[in-house]
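In my numbering, the protein residues as written are 1 to 205.
Below is one structure; the comments refer to it alone.
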């Protein structure tokens with residue numbers, strides 16, 4: 001199952017809301033069959049759900065199955081409407097220009113609307129151990145950036161978000177016991193980060 005922190009937060013934030021789920025394909029449309037597919041979790045909670053993803057073929061396949069997903073680049077795509085919540089699960093580390101993405105997502109939020117995003121934590125002990133031992137860290141080849149809590153908060157603030165909260169959570173099944181034991185005393189050693197922030201209720205200058 002998904003991390004309780006991640007899943008419970010996203011369920012709570014999207015319940016009864018108009019939601020944009022960005023990067024919703026999650027690499028391939030066959031993930032729809034998995035119980036951990038985040039887009040399905042949101043669909044069960046939200047009043048309205050629109051997806052946005054760059055993978056044209058996968059978007060087409062999912063739309064043929066009844067989903068409402070738009071093909072486009074999340075950094076620049078204009079949807080011509082706003083939402084109460086934007087969700088971006090494990091997406092920002094894939095993007096060439098994360099700042100532009102955050103600014104674009106803020107334009108798609110109603111005043112006071114909220115963004116919820118998750119990303120791998122570079123301080124995860126297994127990753128640090130690989131680096132310190134001189135080995136090449138095992139990284140998804142599609143990831144082009146890392147965000148520690150401080151840099152993620154700074155980038156979201158630069159994009160105009162307020163009330164930024166970043167929470168560590170564990171998303172590892174294989175090492176869950178060890179990771180949770182360590183992160184209980186050093187929470188920033190968790191596998192992933194969850195960030196929630198708001199679009200200001202009043203327009204910023």
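Don't be surprised by glycine CBs; every beta carbon is placed ideally from N, CA and C.
Computed from a predicted structure; not experimentally measured.
query	result
Rounded C-alpha distance that separates residue 182 from residue 107	Legend: pLDDT at residue 182 = 49, less than 50; position of this residue unreliable, value from coordinates given subsequently. Going from the Cα of residue 182 to the Cα of residue 107 covers about 39 Å.
Where the alpha helix (DSSP H) through residue 57 begins and ends	56-64
Chain-order list of residues whose beta-carbon lies under 6 Å from that of residue 15 (same chain, five-residue window excluded)	45
Supposed close pair residue 20, residue 52 - CB separation, criterion 8 Å	6 Å
Cutoff 6 Å; reference residue 146; Cβ partners in own chain excluding five residues on either side	122
Straight-line Cα distance separating residue 155 from residue 93	13 Å
Supposed close pair residue 75, residue 104 - CB separation, criterion 8 Å	6 Å
Touching by the beta-carbon criterion (3+ pairs, under 8 Å), the segment 113-120 and the segment 79-93	yes
Contiguous alpha helix (DSSP H) assignments of at least 4 residues, all confined to the segment 63-102	none
Coil, strand or helix - residue 221 by DSSP	Limits of the chain in this structure are 1 at one end and 205 at the other, which puts residue 221 out of reach.
Whether residue 83 touches residue 18 by CB criterion (7 Å)	yes
For residue 41, the first and last residue of its enclosing beta strand (DSSP E)	From DSSP, residue 41 is part of no beta strand (DSSP E) but of the alpha helix (DSSP H) over 38-45.
From 55, 11, 43 and 10, residue whose alpha carbon lies closest to that of residue 26	55
Beta-carbon separation (whole angstroms), residue 113 vs residue 198, contact threshold 8 Å	7 Å
Inter-residue spacing [alpha-carbon to alpha-carbon] between residue 151 and residue 96	16 Å
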